[in-house]
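K.L.:
If you count by my numbering, then the sequence shown holds residues 410 to 528, one letter each, in order. Think of the CB as a built atom: it goes at the ideal place given N, C-alpha and C, for glycine as much as any other residue.
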Amino acid sequence: ACSPGCTIGYGVLNPDTSGEEFVAVITTFCSFTFTAVCTGLAFVKFSLPYAAMTWSNVACVHTYERKPCLVVRAATLMGDERLVDCNFQMFLIAPRVSAEGYVMLSSTELILQNPNPLA
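1) Is it true that the CB of F497 sits closer than 8 Å to the CB of L519?
2) In whole angstroms, give me the CA-to-CA distance for T517 and I435.
3) In angstroms with no decimal places, state the Cα-to-Cα distance between V480 and Y473.
4) Beta-carbon of E474 versus every beta-carbon of chain D: anything under 8 Å?
5) With C-beta atoms as the reference, is R482 less than 8 Å away from S465?
6) How is A508 classed by DSSP in three states: helix, strand or coil?
Quick look at the structure:
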């Protein structure tokens with residue numbers, strides 16, 4: 410006989426012995442777990458917000474208020490999406506030589522004039 414996982418005890422299919430009750434409990438637990446995992450995976454798949462961004466391959470140096478400025482371009486890949494509360498950070502990663510003569514990469518955060526362009 411075939412019964413759904415969560416309808417134990419309804420109708421003519423009901424456990425009589427402790428072994429059958431144990432099988433029924435395990436079956437019900439597995440059924441609930443399977444349903445919860447499938448529902449959770451579907452929710453995670455369709456509910457994650459992400460910003461599909463693209464960056465220009467070229468960075469330009471312009472003069473702004475008599476100071477050289479590094480200019481990069483960013484755009485969304487989805488035409489109908491709007492960016493909300495985006496913040497940008499830029500780091501310079503460059504090799505430096507320590508006092509002992511070791512060459513290592515170090516990162517320095519660049520101060521942006523407008524880190525939140527949508528504000």
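P.N.:
In short, the structure shows the following:
1) no
2) 56 Å
3) 10 Å
4) Absence of chain D from the displayed structure is noted, only one protein chain being present.
5) yes
6) coil
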